[in-house]
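J.: Protein chains in written order, with my numbering: chain A, 9 to 343; chain B, 9 to 343. Backbone N, C-alpha and C fix where the C-beta goes; we use that ideal spot for every residue, glycine too.
1. To the nearest whole angstrom, what separates the beta carbons of residue 122 of chain B and residue 106 of chain B, a pair I think is in contact under 8 Å?
2. Listing by chain order, which chain A residues have their CB less than 9 Å from the CB of residue 106 of chain B?
3. Against residue 123 of chain A, what residues of chain B qualify as contacts under a CB-to-CB distance less than 7 Å, listed in chain order?
4. By how many angstroms is the C-alpha of residue 138 of chain B removed from the C-alpha of residue 269 of chain B?
5. Where do the ends of the alpha helix (DSSP H) carrying residue 203 of chain A lie?
6. Just the C-alpha distance for residue 131 of chain B and residue 98 of chain A, rounded to the nearest angstrom, thanks.
7. Contact criterion: CB-CB distance below 8 Å. Does residue 151 of chain A meet it with respect to chain B?
8. Could you tell me the boundaries of the beta strand (DSSP E) in which residue 102 of chain A lies?
9. Quick one: measure Cβ to Cβ for residue 336 of chain B and residue 275 of chain B, integer angstroms, because I've assumed they're closer than 8 Å.
10. If we define contact as Cβ-Cβ less than 8 Å, is residue 109 of chain A a contact residue for chain B?
11. Could you please give the first and the last residue of the uninterrupted alpha helix (DSSP H) stretch that includes residue 92 of chain B?
12. Can you tell me where the beta strand (DSSP E) with residue 325 of chain A in it begins and where it stops?
13. Ordered along the chain, which non-local residues of its own chain (more than five positions away) have a Cβ less than 6 Å from that of residue 327 of chain B?
14. So for residue 175 of chain B, helix, strand or coil by DSSP?
15. Any beta carbon from chain A within less than 8 Å of residue 87 of chain B's own beta carbon?
16. Considering Cα atoms alone, identify which of A:134, A:308, A:146 is closest to residue 46 of chain A.
17. What residues match up with residue 166 of chain B in a beta bridge as DSSP calls it?
18. Any residues in the segment 266-290 of chain A with a beta carbon nearer than 8 Å to a beta carbon of chain B? Which ones, in chain order?
19. For the segment 157-174 of chain A against the segment 182-195 of chain A, are there 3 or more C-beta pairs whose distance is under 8 Å?
20. Taking C-beta pairs closer than 7 Å, name the residues in chain A that residue 84 of chain B reaches, listed in chain order.
21. Mind listing the chain B neighbours of residue 131 of chain A? Cutoff is C-beta to C-beta under 7 Å, in chain order.
22. Rounded to the nearest angstrom, what separates residue 5 of chain A and residue 184 of chain A at their Cα positions?
23. Near residue 61 of chain A, what residues of its chain come up, given a Cβ to Cβ distance below 6 Å and the 5 sequence neighbours on each side ignored?
24. Report yes or no: do three or more beta-carbon pairs, one from the segment 227-241 of chain A and one from the segment 246-266 of chain B, lie closer than 8 Å?
25. Have a look at residue 203 of chain B and residue 181 of chain B and give me their C-alpha separation to the nearest angstrom.
26. Which full runs of the alpha helix (DSSP H) of 4+ residues lie inside the segment 244-332 of chain A, going along the chain?
27. Taking the beta carbon of residue 124 of chain A as the centre, do at least 16 other beta carbons fall within 10 Å, making it buried, or is it exposed?
28. In whole angstroms, what is the alpha-carbon distance linking residue 13 of chain B and residue 221 of chain B?
29. Using a Cβ-Cβ cut-off of less than 7 Å, list which residues of the segment 295-311 of chain B approach chain A; keep chain order.
30. Would you decide whether residue 351 of chain A is buried or exposed? Buried here means 16 or more other CB atoms lie within 10 Å of its CB.
31. So residue 264 of chain A and residue 293 of chain A are in contact, right, with Cβ under 8 Å, and what is the actual spacing, rounded?
32. If you follow the alpha helix (DSSP H) that residue 120 of chain A is in, where does it begin and where does it stop?
33. Given this structure, state the Cα-to-Cα distance separating residue 92 of chain A from residue 303 of chain A, to the nearest angstrom.
34. Alpha carbon to alpha carbon, how far is residue 199 of chain B from residue 48 of chain B? Give it in angstroms, no decimals.
35. On the criterion of 16 or more Cβ atoms from any shown chain inside 10 Å, does residue 134 of chain B qualify as buried, or is it exposed?
36. Could you give the residue range of the alpha helix (DSSP H) that holds residue 148 of chain A?
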């Protein structure tokens, strides 16, 4: 059977070939209903973006691109992930477009629109909390998408995450095992998937020990080092303050370290390892993720999709390591 | 006067317009002599890459790109710099292509070739030690280049660096001021410009105090945490071992911290601050660079060049801060 052409899709959808071209390239200026009709025709006919055009482009440009969209490239966790993606892409002769979203859906849309307009072969994204319907059009045109760190709501694509909930549960259980019952949770925005999972793990561990949640000990929405430091200061003023802390990412851990020892030391387990964490007094006990493995796994999935793998979307969960060094074993004041 | 066209350049150089197009786009496959002839014609006629073609491309693609080429994106210093460049580019509607070189000239050429083939409007590069003659062709075609962190040998372009030599001298003078005369230098590859500058600063400070250099105390070529750790172990076995260390980048500082306290503590001043450096025992005294300012300054220079600034190349030197926290004030064994 002859491969369907752009003209075939145009005929089936009742639009011009130029409109089809616009839709599959992810360009703006096509009415949503029209785009949907084109998308249906693309799927029905099994159309793939013109390989001649693509190889011509590759010949002209010497190389292809993939896009990488992270929360914040300045965060060492995402920087390590980015380097890992870049190494995989370089090995395969691709170059990487990179962008940060700050977890802002608007910036995410802008960055991804810029990337798809440049006809990236694929996208690796750390999705924001926003909807991702806008990705359906470039995906219908053949752009491959893989999510890493978090799934994207309503998007059935390959996704690589870690065992956030179980790992957080283990961390809090470690604190409970050292006699703590007043354990504070300090987290980032609750609507970020990883944060919701880690908070659920915190609640799991408390529930397994028959300890009811005390909302006074739970702080969400900590977006920066100073906000985390200030949240700890407030927790310290409670009539029945915490004796231990679970911090749900590296920035928050850095922030609470500022107020940890005064007036009295508190036990601490953090999610994410920190450089020099093992050299603190006491050394830091953490849940350690491997951003290089996350990035490498996501890149491998993406390149197998680009190579033509059309099997059902996969969800890959990588295991974290729980690194016990001492900071979670501080005794309670009365213990 | 009419603006010169690609055809005018082709006529002046005695080649086809297609060859001119190849040269100004930085594509491979043009003989060096031919490319040089085209470059001369471009400069003589004051030809600029076809604005119609460019605006057509911008209309098609919705956005322009700049390329960022760093040593290692996984190094927090370069990650912060990259985020800063990305923010400036995003603000101006550009997207960023990013690549790491590992300080390998071959990989640098590959990455930059991939970027120029994709018609980036400009490049911000942390140049490797390799030659950069290969950049002259895309530059003749209108691609703007700015160097950051280090100058590129033989390339007269805007360059943003810090006061490496003076800052290293001040750091070593601090150790001398605390009575140390056996001060070891632990550095990365000597052929990297920043490293040579910092080593020169080390020698300046010793000379100003009338202390001759002892080659046994100088270790170059430390490329990793383990290599730095092992180099310190060797220094410790000297008949007259060092009582203080100057480490010339963050990775080397991390490496020597492993062996710093045993069998006896040594004084230490490092180039580059580290997260949590202020929480070590003793807290780390460092030369602190501002990678956000480096990246932001480089991006501003690049975008002013893209906007048409053709003034003479600038060399911008940003000042570092010397952050005294304690680790440089350890007394000598006999002191």
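T.: Once the coordinates are examined:
1. Counting from 1 along the second chain, the entry for residue 122 of chain B is found at position 114. Counting from 1 along the second chain, the entry for residue 106 of chain B is found at position 98. Going by Cβ atoms, the distance from residue 122 of chain B to residue 106 of chain B rounds to 11 Å, so no, they are not a contact pair.
2. The count along the second chain starts at 1 and reaches residue 106 of chain B at position 98. The answer, in chain order, is 76, 81, 90, 94, 103, 104, 105, 106.
3. The residue given as residue 123 of chain A occupies position 115 in the first chain. Going along chain B in sequence order, the residues near residue 123 of chain A (Cβ under 7 Å) are 103.
4. Walking along the second chain from the start, residue 269 of chain B turns up at place 261. Walking along the second chain from the start, residue 138 of chain B turns up at place 130. In this structure, the CA atom of residue 269 of chain B is about 38 Å from the CA atom of residue 138 of chain B.
5. By one-based count along the first chain, residue 203 of chain A stands at place 195. For residue 203 of chain A, the uninterrupted alpha helix (DSSP H) run begins and ends at 201-216, by DSSP.
6. In the second chain, counting from the first residue as 1, residue 131 of chain B sits at position 123. In the first chain, counting from the first residue as 1, residue 98 of chain A sits at position 90. Taking the straight line joining both Cα atoms gives about 18 Å.
7. The count along the first chain starts at 1 and reaches residue 151 of chain A at position 143. The beta carbon of residue 151 of chain A does not come within 8 Å of any beta carbon belonging to chain B, so the residue lies off that interface.
8. Counted from its first residue, the first chain places residue 102 of chain A at position 94. In the DSSP assignment, residue 102 of chain A falls within the unbroken beta strand (DSSP E) covering 102-108.
9. For the purposes of this step, residue 336 of chain B is taken as residue 328 along the second chain, with counting starting at 1. For the purposes of this step, residue 275 of chain B is taken as residue 267 along the second chain, with counting starting at 1. Confirmed, Cβ separation roughly 6 Å.
10. Translated into the one-based positions of the first chain, residue 109 of chain A becomes position 101. No, residue 109 of chain A lies away from the interface with chain B (no Cβ there is under 8 Å from its Cβ).
11. One-based indexing of the second chain puts residue 92 of chain B at position 84. Taken as a continuous stretch (DSSP letters only), the alpha helix (DSSP H) holding residue 92 of chain B covers 84-99.
12. To locate residue 325 of chain A, count along the first chain from 1; it is residue 317. Counting along the chain, residue 325 of chain A sits inside the beta strand (DSSP E) bounded by residues 323-326.
13. Translated into the one-based positions of the second chain, residue 327 of chain B becomes position 319. In chain order, 171 place their CB closer than 6 Å to the CB of residue 327 of chain B, counting only its own chain and leaving out the 5 sequence neighbours on each side.
14. Within the second chain, residue 175 of chain B is the residue found at index 167, counting from 1. Assigned with DSSP and collapsed to three states, residue 175 of chain B falls in helix.
15. Here residue 87 of chain B is taken as the residue at index 79 of the second chain, counted from 1. Taking 8 Å as the CB threshold, residue 87 of chain B lines the interface with chain A.
16. What you label residue 46 of chain A is simply residue 38 of the first chain in a count that begins at 1. It is A:146 whose Cα lies nearest to the Cα of residue 46 of chain A.
17. Within the second chain, residue 166 of chain B is the residue found at index 158, counting from 1. As computed with DSSP, residue 166 of chain B is found in a beta bridge with B:154.
18. Residues 282, 283, 284, 285, 287, 288, 289.
19. Here the segment 157-174 of chain A does not lie against the segment 182-195 of chain A, with fewer than 3 beta-carbon pairs under 8 Å apart.
20. By 1-based counting over the second chain, the position of residue 84 of chain B is 76. Under the 7 Å cutoff, chain A gives 84, 87.
21. On the first chain, position 123 is the one that residue 131 of chain A refers to. By Cβ distance, chain B contributes nothing, its closest Cβ being about 12 Å from residue 131 of chain A, past 7 Å.
22. This structure gives no information on residue 5 of chain A, because the portion of chain A shown stretches from 9 to 343.
23. Locating residue 61 of chain A in the first chain gives position 53, where the first residue counts as 1. Caution applies to residue 61 of chain A, whose pLDDT of 42 falls short of 50 and renders its modelled position unreliable; the model cannot decide the point.
24. Touching, no, given that fewer than three Cβ pairs across the two stretches are closer than 8 Å.
25. Against the second chain, residue 203 of chain B aligns to sequence position 195. Against the second chain, residue 181 of chain B aligns to sequence position 173. Distance between the alpha carbons of residue 203 of chain B and residue 181 of chain B: 18 Å.
26. Fully contained in the segment 244-332 of chain A are the following alpha helix (DSSP H) runs of length 4 or more, in chain order: 258-265, 299-314.
27. Walking along the first chain from the start, residue 124 of chain A turns up at place 116. Classification of residue 124 of chain A: buried, given that the 10 Å Cβ count is 16 or more.
28. Against the second chain, residue 13 of chain B aligns to sequence position 5. Against the second chain, residue 221 of chain B aligns to sequence position 213. Those two C-alpha atoms are separated by around 60 Å.
29. From the segment 295-311 of chain B, no residue has a Cβ closer than 7 Å to chain A.
30. No answer is possible for residue 351 of chain A: the residues shown for chain A start at 9 and end at 343.
31. As a working note, residue 264 of chain A is residue 256 in the first chain. As a working note, residue 293 of chain A is residue 285 in the first chain. Going by Cβ atoms, the distance from residue 264 of chain A to residue 293 of chain A rounds to 13 Å, so no, they are not a contact pair.
32. Walking along the first chain from the start, residue 120 of chain A turns up at place 112. Residue 120 of chain A -> alpha helix (DSSP H) spans 113-125.
33. For the purposes of this step, residue 92 of chain A is identified with residue 84 of the first chain, where counting begins at 1. For the purposes of this step, residue 303 of chain A is identified with residue 295 of the first chain, where counting begins at 1. Cα atoms of residue 92 of chain A and residue 303 of chain A: separation of roughly 5 Å, rounded to the nearest angstrom.
34. Taking the first residue of the second chain as position 1, residue 48 of chain B is located at position 40. Taking the first residue of the second chain as position 1, residue 199 of chain B is located at position 191. Cα to Cα, residue 48 of chain B sits roughly 32 Å from residue 199 of chain B.
35. If you number the second chain from 1, residue 134 of chain B lands on position 126. Residue 134 of chain B sits buried, since 16 or more C-beta atoms from the chains shown fall within 10 Å of its C-beta.
36. Looking up residue 148 of chain A in the first chain gives position 140. 144-148 is the span of the alpha helix (DSSP H), which, as asked, contains residue 148 of chain A.
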